[in-house]
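In the numbering used here, the protein residues as written are 89 to 877.
Cβ coordinates follow ideal geometry from the N, Cα and C atoms, glycine included.
Notes to accompany the following structure.
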């Protein structure tokens, strides 16, 4: 299926085009949940959807605030279970809503509607969601509300809201109700496996609650989390700059509601702030109430302006390192920056949390972590936010013991098997053909370690965590695969590759090829460590029981790895059986039957040549120098027409693949789909959360696609070629402690080393060196198609 067929399913732009902002000047109840996702705010720990504080009078809403790395757990109910099935499902913790603020005029509670004019703006440079709303009551009184909201990057447990209220044509009192609400309902679609169920009543057990004594006091709800070792404290505090009357409060197990009276003078503005904190501790620890109170008191003492300045400075530093500038393409520039902003909002930075497939923007996939992190996110962050990439890898390391236990559950007596989807470290996929069978998760982690170390040269990380993860995960391939007497090759049977429309096959090309990289790379790492630090190497091998014979087995398996190939078609085979299946009848499949997984039984899909996403094509990109470009082009020509792109992980990889094979305009079409996947809701499910892998993939599409960058052991390689729509492209890379700026036009490319020690690069076939401050220019060829790597 062509990408034009995919993009034709899109809505019109839901928001105005602006390179640095999301602007919404029209309330549309049909797009309410979509925009709640797009206007989400997060800081890597707390995420909160872009709902209106005062609520709406029409349209379906999906309220939600979430904590990264904090989860409830409940048993998975099977009609028929079996040995080794996942036992429990983790769910990202949905917490009581502290944003709730409502205004009442003459007994009428005001709510956003199509009849009440307003606008809102998320500025990607400040990280602040600002809003202006005009309300007219039934009695004709007019009131203007100006709102600013942030989720603090510098104070991870804090949300801050500032409201400014102006009476336009009256003087008098208004009522303000502020809530900490643990009673709101979640949105759930039982027939769509991509949508999670995060009902608060099933995840939180009330333990204590406390109201306020006056308007400057803090209040809280204390809960224990079902099925996991967490207690959650949710607290709020208000800050009023004008006289206010505290009237009454409602204190229940899952609800705090406080009512205040504000006196307004016509034309004068009244400003107040609400601060919200979420604190987590183990159930055995003391309550985190003091930490919450101290945080709220300090926030109130500093005020919203200080918090806003902190937020803007944090993002200024982020954009200085991570921005990608595209000339004369504002829609795709907006999409790319929104995607990068969403990455920095969603990624855990504490070594104990990761990044969910939907970030912190919605209930999709129950907040689970997937291979998305290792194949898409970490290779991106390694070049623009390497410290965050390191923390994501350390989070995987923290769950290595559970991965080893999972391998034993799966009857492997050595090694580690990381879960396909998880939060707490245990397998949470109830459908093993497209879950546990995706053993390539182990190779994904190895690939991420390799990508990070190639980009950073951080061998301290390798000694701390990377080498141990590599060894324990690589051991599984010798448990899973075998040396075939028939073929004389190392084969891996009954696995599922990235393409979830093809399951439980023998010799999935992607799995075998990535296992080959995993095996050879682990042996190379140990050889390097033996030279760099012999004492560490001896201790490490002794502790893990690594022997020269075992390393030799890894190398032999890598050398003899079977990679299926069809001599007649002169293409790589996705697996042993794929090319023998009947091709899917795309011509007879109406548009409303996509994604196929929601309209056809899995067995029907599995019997056909049809792909959900890049599989073999992904291997061609990730393994870079291993395959000649003419083979990559033939594989792409065969497999892309069979690909539905029902997965959001697909379009970015195809963009890179088309760019590498000289088909720049096709690459541009796929990038356009990637960059605005969520802003234009191409997959019609952004209302349940953004698509994080696709967002990271937009960076890959530009840097690895149009700039042709490859990170190789010998250094960085570039082969740039821009689409016709772009006069210029500019970005920076953080590479091994250096900052490199790359600027590409239609006719030339410039490489400038902004800081750091001397750097050697390769532009196409030419190697060159730069010193700090020096730049090098190259004229670009008119056609790079067919140039061999």
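- When DSSP states are grouped into helix, strand and coil, residue 582 belongs to the coil group.
- Around the beta carbon of residue 560, 16 or more other beta carbons lie within 10 angstroms, which makes this residue buried.
- For residue 425, the uninterrupted alpha helix (DSSP H) run begins and ends at 418–434, by DSSP.
- Residue 659 is not a Cβ neighbour of residue 445, given a cutoff of 7 Å.
- Proximity to residue 556 across 492, 521 and 544 peaks at 492, based on C-alpha coordinates.
- Residue 440 sits in coil when the DSSP states are folded into three classes, being neither helix nor strand.
- Taking a contact as a CB-CB distance under 8 Å, the pair residue 417 and residue 814 counts as one, their CB atoms being some 6 Å apart.
- DSSP, reduced to helix, strand and coil, places residue 565 within a helical segment of the structure shown.
- Apart from sequence neighbours up to five positions away, the residues of its chain that approach residue 558 with a beta-carbon distance below 8 Å are 534, 537, 606, 609, 610 and 613, ordered along the chain.
- Straight-line measurement puts the Cα of residue 860 at about 13 Å from the Cα of residue 849.
- Ranked by Cα distance from residue 693, the first of 651, 587 and 713 is 587.
- Residue 138 carries a coil assignment under DSSP once its states are collapsed to helix, strand and coil.
- A distance below 6 Å between beta-carbons, with the five flanking residues on each side excluded, links residue 851 to the following residues of its chain, in chain order: 806 and 866.
- Taken through DSSP and simplified to helix, strand or coil, residue 742 comes out as helix.
- Pairing residue 133 with residue 228, the inter-Cα distance amounts to about 43 Å.
- Residue 310 places its beta carbon less than 7 Å from that of residue 296.
- Counted as a single uninterrupted DSSP element, the alpha helix (DSSP H) harbouring residue 616 occupies residues 597–620.
- Restricting attention to 763, 856 and 690, the CA atom closest to the CA of residue 422 is found in 763.
- Counting C-beta pairs closer than 8 Å gives three or more between the segment 203–217 and the segment 400–407, which meets the contact rule.
- In the three-state reduction of the DSSP assignment, residue 592 falls in the coil class.
- Under the three-state reduction of DSSP output, residue 629 falls in the helix class.
- As computed with DSSP, residue 154 is found in a beta bridge with 135 and 182.
- Residue 636 has its alpha-carbon roughly 46 Å from the corresponding atom of residue 429.
- Under the three-pair Cβ rule at 8 Å, the segment 163–178 counts as touching the segment 515–535.
- Looking at the backbone, the Cα of residue 183 and that of residue 410 are separated by about 31 Å.
- Taking C-alpha positions only, residue 575 is separated from residue 440 by approximately 44 Å.
- Cα atoms of residue 532 and residue 703: separation of roughly 13 Å, rounded to the nearest angstrom.
- Counted as a single uninterrupted DSSP element, the beta strand (DSSP E) harbouring residue 822 occupies residues 816–823.
- Pairing residue 500 with residue 564 gives a Cβ-Cβ distance under 7 Å.
- As computed with DSSP, residue 177 is found in a beta bridge with 162.
- Inside the segment 818–858, DSSP marks whole beta strand (DSSP E) runs of 3 or more residues at positions 826–833, 836–843, 847–851 and 854–858, from first to last along the chain.
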